[in-house]
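Each protein sequence line maps, in turn, to chains A and B. Going by the numbering used here, the first residue of the first sequence is number 775, and it counts up by one from there. Going by the numbering used here, the first residue of the second sequence is number 16, and it counts up by one from there. C-beta: ideal position from N, C-alpha, C; glycine also. Heads up: the structure comes next, in structure tokens.
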Amino acid sequence: GENVGLHLPTLSVQEGDNSIINCAYSNSASDYFIWYKQESGKGPQFIIDIRSNMDKRQGQRVTVLLNKTVKHLSLQIAATQPGDSAVYFCAEIFSGGYQKVTFGTGTKLQVIP
Amino acid sequence: EPEVTQTPSHQVTQMGQEVILRCVPISNHLYFYWYRQILGQKVEFLVSFYNNEISEKSEIFDDQFSVERPDGSNFTLKIRSTKLEDSAMYFCASSLDGRTEAFFGQGTRLTVV
């Protein structure tokens with residue numbers, strides 16, 4: 775069948791390696807950023823967040839880096855596992871306005887066992 | 016752990032028919048959202064709802080769409096006369112205060128035939 779709309783960039787990573795997923799956000803006034811993970815057939819699931827007064831935040835196996843100068847976010851996943859296979863979306867919020875989460879395009883992460 | 020629940024998980028409807036998608040947000044949350052995701056594409060904002068009124072809506076959310084909080088727990092999205100292009104996953108989300116992460120439901124897959 776025709777795969778209309780399936781234009782997600784894909785990152786293939788060997789199990790155990792580190793993954794880096796990048797995202798450019800659009801609104802320079804956004805002050806809160808979230809990475810969401812979406813597994814097939816499920817809703818987006820919160821992974822980690824960062825506020826604009828920080829440039830790095832670490833969680834369990836995940837690190838988010840924020841570069842406000844170039845409006846860039848990255849998500850680093852250490853020791854990638856098969857369960858990490860999903861689509862990853864960055865999202866931005868401008869908390870000074872009506873709060874809504876604006877999603878980026880998404881990156882599909884494929885973990886090769 | 017509290018979660019956002021959506022019903023039904025899959026709805027098939029004929030073009031021109033009305034559909035109502037239902038959501039139960041997390042109980043102490045104040046901000047509610049509907050998002051749409053066409054297959055293989057990013058998650059798109061439709062509408063946000065706070066204090067029993069729409070706080071923001073996107074261009075997608077035209078006169079065919081409406082939202083309602085009929086009681087203290089449910090949050091619904093109505094599409095009055097469905098079109099083929101309304102076929103998508105519809106996600107409900109809620110946020111405690113609109114300034115922190117939104118929690119998403121598992122989605123309702125709407126298929127218009």
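Exercise for the section: Compare the C-beta of A/D791 with all C-beta atoms of chain B and state if any pair is closer than 8 angstroms. Expected result: Taking Cβ atoms only, chain B never reaches closer than 8 angstroms to A/D791, which makes this a no.
Exercise for the section: Would you kindly work out how many angstroms separate the C-alpha atoms of B/Q21 and B/G120, rounded to a whole number? Expected result: 6 angstroms
Problem - Short CB-CB distance (under 8 angstroms) between B/Y48 and chain A - result: yes
Problem - Segment contact, 8 angstroms Cβ cut-off, at least three pairs: the region 856-871 of chain A with the region 80-97 of chain B - result: no
Exercise for the section: Using 7 angstroms as the cut-off, classify the Cβ of A/H846 as near or not near the heavy atoms of the ligand ADP, replying yes or no. Expected result: This structure lacks the ligand ADP, and indeed carries no ligand of any kind.
Problem - chain A contact residues for B/Q26, given Cβ-Cβ distances below 7 angstroms - result: Ordered by position in chain A, no residue passes the 7 angstroms Cβ test against B/Q26, which lies about 15 angstroms from the chain.
Practice task
In the DSSP assignment, find the unbroken beta strand (DSSP E) run with B/T123 in it and report its ends.
Solution key: 123-127
Problem - For B/V82: DSSP bridge partner residues - result: B/L92
Exercise for the section: Take every Cβ of the region 780-794 of chain A, pair it with every Cβ of the region 73-88 of chain B, and state whether three or more of those distances are shorter than 8 angstroms. Expected result: By the Cβ criterion, the region 780-794 of chain A is not in contact with the region 73-88 of chain B, since fewer than three pairs of Cβ atoms, one from each stretch, lie closer than 8 angstroms.
Practice task
Determine the direct distance from the alpha carbon of A/N827 to that of B/V127, and round the result to whole angstroms.
Solution key: 45 angstroms
Handout entry: Per DSSP, the bridge partner or partners of B/M104
Key = Partner(s): B/Q52, B/R124.
Handout entry: DSSP bridge partner residues for A/R825 (one or two, in chain order)
Key = A/Y806
Problem - Cβ-based neighbour list, B/K57, same chain, cut-off 6 angstroms, excluding 5 preceding and 5 following - result: The beta carbon of B/K57 sits closer than 6 angstroms to no other beta carbon from its chain once the five residues preceding and following it are set aside.
Handout entry: Residue environment, B/H25, which counts as buried when at least 16 other CB atoms sit within 10 Å
Key = exposed
Handout entry: Helix, strand or coil at B/L45 [DSSP, three-state]
Key = coil
Practice task
Would you verify that the beta carbon of B/R51 is, or is not, closer than 8 angstroms to some beta carbon of chain A?
Solution key: no
Practice task
Would you kindly report the start and end of the unbroken beta strand (DSSP E) that includes A/N841?
Solution key: 836-841
Practice task
Figure out for me which residue from B/S102, B/R114, B/G113, B/D77 has the closest Cα to the Cα of B/Q52.
Solution key: B/S102
Practice task
Tell me, please, which residues DSSP counts as bridged to B/E71.
Solution key: B/S63
Practice task
Check A/G779 in the structure and name its three-state DSSP category.
Solution key: Confidence is the limiting factor: at A/G779 the pLDDT is only 37, short of 50, which leaves the residue's position unreliable and the question unanswerable from this model.
Practice task
Measuring only between beta-carbons, confirm whether A/F820 sits less than 8 angstroms from chain B.
Solution key: yes
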